[in-house]
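To keep things clear, I will list the structure first and then write my remarks on it.
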Amino acid sequence: MRVATWNVNSVRLRAENIAAWLAERSPDVVCLQEIKCVDEAFPRETFERLGYNVAVHGQKGFNGVALLSKRPFEDVTPGLHGDDSDVQARFLEAVVSTQEGVVRIVTLYLPNGNPPHTEKYDYKIKWMDRLIRFSRERLMLEEPLVVCGDFNVIPASSDAKNPAAWVNDALFLPQTREKFRALTNLGLTDAIRAVSDSDQLFTFWDYQAGAWQRDNGIRIDHILLSPQATDRLVDAGIDKHVRGWDKPSDHVPIYVDLDIAER
DNA sequence: ATGACTCAGGAACTGAGA
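Start counting the first sequence at -14; every next residue gets the next number (the working numbering).
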């Protein structure tokens, strides 16, 4: 089973771009972020035509997450619990059944948090605390669990081309990285780091100042695996070349291959 | 030093991104 994640920065603008990548990579499950539309405006037909079931949790204008799956969804739950006043569409959980049992999938778009020392950073940290509580609960199920998305966290200096440029940024502040470590310390494995120690593994390049041409990137999109999923990890990778396509998202897709038979 | 791009909404710009 191949599970991928991609912050597409508008699913309507990128639909054909995404379809081309699907044909190339053939993922079984895809987690999308920043779809930037309401549920009714999601281009379902583009993906249903390619054999995917679609689950959407969108909102007007910005944010929004979605799931594509070749296997039908057994269960779909929008929203990260822990704050009833939070109306931002950033989290969607689903269960997919396979020949070997269920696989639980999460697509998330973690708040950016900039600028620091504001309510935006406070929202980010509280959101991460909620994600930690969610993960602790789900890990108790002892299932294959794949938590995917744009975490807006640079985990370590080796995850940025120019780490010095990020020291005062919400993506790299010590408290942000502490929360990310608290998450992985629950027993979730960073799939990309499980297969490579390279210091050039980026998933985002800014549109500005020739960041892509200079390879001035950061690694902020992640796939975290429960122990039961990590046991089945075969490979993980980053589809960097997609950033060079026409009208690209500023993020690229990443994926894992798990030794779990579909039906 | 600063800003540099890109997108949605809605019709000239602002907010948001990271």
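We put the beta carbon where it would ideally sit given N, CA and C, even for glycine.
Extent of the continuous alpha helix (DSSP H) run through residue i
i	result
residue 112	104 to 124
residue 210	Here residue 210 belongs to no alpha helix (DSSP H); instead the beta strand (DSSP E) covers 206 to 210.
Three-way DSSP call (helix, strand, coil) for residue i in this model
i	result
residue 63	strand
residue 162	helix
residue 138	coil
residue 46	coil
residue 39	strand
residue 31	helix
Nearest to residue i (by Cα), restricted to the options the options
i	options	result
residue 125	186, 198 and 173	173
residue 94	88, -2, 2 and -9	-9
residue 158	127, 191, 102 and 134	102
residue 209	135, 145 and 192	135
residue 70	108, 37, 192 and 97	108
residue 113	-4, 198, 137 and 39	137
residue 168	132, 145 and 229	132
residue 234	-11, -12 and -7	-7
residue 191	202, 86, 182 and 244	202
residue 181	162, 143, 128 and 161	143
Residues that DSSP places opposite residue i in a beta bridge
i	result
residue 78	62 and 91
residue 83	86
residue -8	18
residue 180	Looking at the DSSP assignment, residue 180 forms no beta bridge with any residue, so it has no partner.
residue 221	241
residue 54	14 and 38
residue 4	Paired residue(s): none; residue 4 is not in a bridge.
residue 202	190
residue -13	242
Whole-number beta carbon distance between residue j and residue i, since they are thought to touch under 8 angstroms
i	j	result
residue 41	residue 60	15 angstroms between Cβ atoms; not a contact.
residue 227	residue 242	About 18 angstroms separates the two Cβ atoms, so there is no contact after all.
residue 217	residue 84	About 13 angstroms; that fails the 8 angstroms criterion.
residue 236	residue 165	Actually they do not touch by this definition, with Cβ atoms about 17 angstroms apart.
residue 22	residue 49	6 angstroms
Range covered by the beta strand (DSSP E) that runs through residue i
i	result
residue 98	Per DSSP, residue 98 belongs to no beta strand (DSSP E) and is neither H nor E.
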